[in-house]
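Counting the sequence shown from 1 gives a position; our numbering is that position plus 160.
Notes for the one structure printed next.
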Amino acid sequence: MNIHESEKIAGTLRAMGYVECDDENQADVIVFNTCCIRDNAEKRALGNIGAFKHLKKANPNMILAVVGCMTQQDGAGLNLRQKYPYVDIVLGTNNLAELENAINKLKNTGKKSVLIDQNENPQVLEGEKKYRTSGCNAWLNIMYGCNNFCTYCIVPYVRGRERSRKMVNVLDEFRRLIDEGYKEITLLGQNVNSYGHDLNDGSNFAKLLEEISKIDGKHRVRFMTSHPKDLNRDVIDIIANSKSICNNIHLPIQSGSNKILNLMNRHYTREYYLDTVEAIKEKIPNCGITTDLMVGFPYEEEADFQDTLDIVRRVKYSSAFTFVYSIRKGTKAALMPQVPPEVSKDRITRLIAEQNKITKMLSKEYEGNVYEVLCEDKAPKRVGYVCGRTDSGRLVTFKGDEQLIGQFVNVKIDKSQSASLFGSLVEE
Ligand code: 5AD
Ligand code: SF4
């Protein structure tokens, strides 16, 4: 979501005549797109902003802007203005469209801008300028905001309520991206499964996927994120029957304990979640299921953590994002009794070790088989090698020419090393 938002910021700047530069000392404009989902994201953003004070001193004409989730928190605008007076422009999540005006105003009048719109239901924008930076992959917003209010999460407070783009606009953009040559489109929303509910025109996620499936051409479709309470059987059936929608579902469970799920306000039980996983596995064999897991949520005891480990063993995720719970001011869980940090640290270490064992075991199953891979990029740090993903979402590195980037190729997996797969091209 943030990467795509940065692509929109870059699109605005390019339309104003700015071009990218690699050297921050040479920059005329620097925009920090912030995230506040966890404390470390926020600390990193503030650290980065702090580190640019000397640049601004050396080059007073440089324009420094801070945008995104962090600015939208209670009192954040004022706080930024006081602590980092050299920041010129602060824009909230609903104010990105005002970047051009704010820059022009600063250039013409020297006036700084702090624009943070607290409206929870801002209008859905269409036709934003985008400068895409993800190679043959393109991000596509289908909706914004979230209505779920999981008790640990800041997102509904900083991104407002669910607002879906009209289906015709989503399909339009999708077709345009395919025409422009993009090979993989990832549909984005905080909870893509509730797509369309706010439109009141009969649109829903299953229908959107069905329409997208009808679009001709050789390309891949992924989507994130799904909320387990809303991922229904219609969606599973459409994925199972679609040629273009990848066999890959990100289904964040957060915790395997019903007590914790209830305290998190997640609206499902471990049993319900496991039923959904079973339906996925039955209808979509070889589906890569990934998840988000959290440890150290308030009231989490060893038995709850064991329930999480148990879910991890049962589902056999191809990979998982693992987090230590981080207090977010203003959320309900911030007022609950907290788990000591050393306990959380111990649990996250054990959780990662368990998931690594599973990832390694699943990786082994790929060895010796041939998979269709979308070649996406040069392999990091390996000259003469490229990398791409299988339909199920696993990253594969193989020897090959850069000219393969953007193409679908068949790759035989020769060996695996924990999460990494290494293969060789299978000539036609
Ligand atoms: N602390 C830790 N992890 C969090 N996430 C969201 N809020 C928090 C928090 N306060 C995690 C969840 C979510 C992912 C995007 O970030 O696992 O699925
Ligand atoms: Fe946050 Fe829950 Fe919404 Fe995801 S579904 S963005 S975790 S409130």
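Quick reminder that beta carbons are idealized off the backbone N, C-alpha and C, glycines included.
Of the candidates 376, 358 and 304, the residue whose Cα lies closest to the Cα of residue 347 is 304. Under DSSP, residue 275 forms a beta bridge with 251. Rounded to whole angstroms, the Cβ separation of residue 409 and residue 386 is 6 Å, and the two are in contact under 8 Å. Distances from the CA of residue 493 to each of 533, 537, 424 and 524 were compared; the closest alpha carbon is that of 424. A contact between stretches requires three or more CB pairs, one per stretch, nearer than 8 Å, and the stretch 529-543 fails this requirement with the stretch 432-447. At the C-beta level, residue 446 and residue 407 come within 7 Å of one another. Spatial neighbours of residue 172 in its own chain (CB-CB distance under 7 Å, excluding positions within 5 residues in sequence) are listed in chain order as 259, 260 and 289. In the structure shown, the three-state DSSP call for residue 345 is strand. Annotation for residue 432: 388 and 389 place their beta carbon closer than 8 Å to its own, counting only its chain and skipping 5 residues before and after. Taking residue 504 as reference, the option from 488, 515 and 483 with the minimal CA-CA separation is 483. Burial is judged here by how many other beta carbons sit within 10 angstroms of a residue's own beta carbon; residue 214 has fewer than 16 and is exposed.
Assigned with DSSP and collapsed to three states, residue 378 falls in coil, not helix or strand. Shown here, residue 433 sits in a helix according to DSSP, grouped into three states. A distance criterion of 6 Å places the beta-carbon of residue 350 in contact range of the ligand SF4, judged by its closest non-hydrogen atom. The residues 539, 545, 547 and 582, in chain order, have a CB closer than 6 Å to that of residue 557 in the same chain once the five nearest residues on each side in sequence are set aside. Three or more beta-carbon pairs separated by less than 8 Å link the stretch 278-296 to the stretch 320-332, which places the two stretches in contact. By the Cβ test, the stretch 514-521 is in contact with the stretch 462-477, since at least three Cβ pairs between them sit closer than 8 Å. Three or more beta-carbon pairs separated by less than 8 Å are not found between the stretch 297-312 and the stretch 260-269, which leaves the two stretches without contact.
Per DSSP, residue 570 lies in no alpha helix (DSSP H); the unbroken beta strand (DSSP E) holding it starts and ends at 568-577.
Around the beta carbon of residue 454, 16 or more other beta carbons sit within 10 angstroms, so the residue counts as buried. Counting along the chain, the unbroken beta strand (DSSP E) around residue 455 starts and ends at 448-455. Residue 569 is positioned such that its CB atom lies no closer than 7 Å to that of residue 550. Following the DSSP letters along the chain, one finds residue 477 in no beta strand (DSSP E), marked with neither H nor E. The residue among 342, 181 and 363 with its C-alpha nearest the C-alpha of residue 352 is 363. Checking the 6 Å criterion, the Cβ of residue 454 is within range of a heavy atom belonging to the ligand 5AD. Using a Cβ-Cβ distance cut-off of 8 Å, the stretch 268-279 and the stretch 229-244 are in contact, since at least three pairs of beta carbons, one from each stretch, lie closer than that value. For the options 235, 253 and 485, the alpha carbon positioned closest to that of residue 497 is the one of 485. Annotated three-state conformation of residue 539 is coil, per DSSP. Here residue 163 is exposed. Its C-beta has fewer than 16 other C-beta atoms within 10 Å.
Under the 10 Å beta carbon count, residue 222 is surrounded by 16 or more other beta carbons and is classified as buried. Burial check for residue 350: the Cβ neighbour count within 10 Å reaches 16 or more, so the residue is buried.
Straight-line spacing of the CA atoms in residue 369 and residue 296 works out to 20 Å. Secondary structure at residue 487: coil, using DSSP grouped into helix, strand and coil. Judged by DSSP secondary structure, residue 557 falls within the beta strand (DSSP E) whose first and last residues are 555-559.
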